[in-house]
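Reading through the structure tokens given below for one structure.
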Amino acid sequence: MIIDGKTYDLKYGIRARVLFERIADKPFTLNGTEDWVIFIYAMLLAGDSSFPLTLDEFMDKLDEDPKYLSESIKWTTDRMRIEAQLMEPGDGKKKQ
Numbered sequence: 000m001i002i003d004g005k006t007y008d009l010k011y012g013i014r015a016r017v018l019f020e021r022i023a024d025k026p027f028t029l030n031g032t033e034d035w036v037i038f039i040y041a042m043l044l045a046g047d048s049s050f051p052l053t054l055d056e057f058m059d060k061l062d063e064d065p066k067y068l069s070e071s072i073k074w075t076t077d078r079m080r081i082e083a084q085l086m087e088p089g090d091g092k093k094k095q
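Take the sequence shown: its letter number 70 is residue 69 in numbering that gives the first Met the number 0, and every next letter is one higher.
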């Protein structure tokens, strides 16, 4: 994600989920815009602990350019889909 001319990586994983829970003060869920904004912010923090924006400043950036939110949600849902596929139990048969 490029913010103010600088590239920041979203880091999807346990650290981002834990950061989400700390910031949101609730268990990890993605049940609305607020959850998504906090999780994307948490993924930015997980990727760069010195990320310079507060959550409020980050939300201002999302207001300035809403594509940040939609692109980040798409990227995240793609990662979640891949993770879910990897977690599915196999049937023990080799693919041919």
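Ideal Cβ positions, reconstructed from N, Cα and C, are used throughout, including at glycine. Quick caveat, the model's predicted, so the values are computed rather than measured.
Boundaries (first-last residue) of the alpha helix (DSSP H) holding residue i
i, result
"Glu20", "Ile13 to Ala23"
"Asp34", "Thr32 to Gly46"
"Lys73", "Lys66 to Met86"
Where residue i falls: helix, strand or coil (DSSP)
i, result
"Lys5", "strand"
"Leu29", "coil"
"Met58", "helix"
Burial state of residue i, where buried means 16 or more other Cβ atoms lie within 10 Å
i, result
"Leu18", "buried"
"Ala83", "exposed"
"Met42", "buried"
"Leu85", "exposed"
"Ile39", "buried"
"Ser71", "buried"
Same chain only: Cβ atoms within 8 Å of residue i, ignoring 5 sequence neighbours per side
i, result
"Ile37", "Phe19, Ile22, Ala23 and Leu54"
"Thr6", "Met0"
Contact set for residue i: own chain, Cβ-Cβ below 6 Å, skip 5 residues either direction
i, result
"Asp47", "Tyr7"
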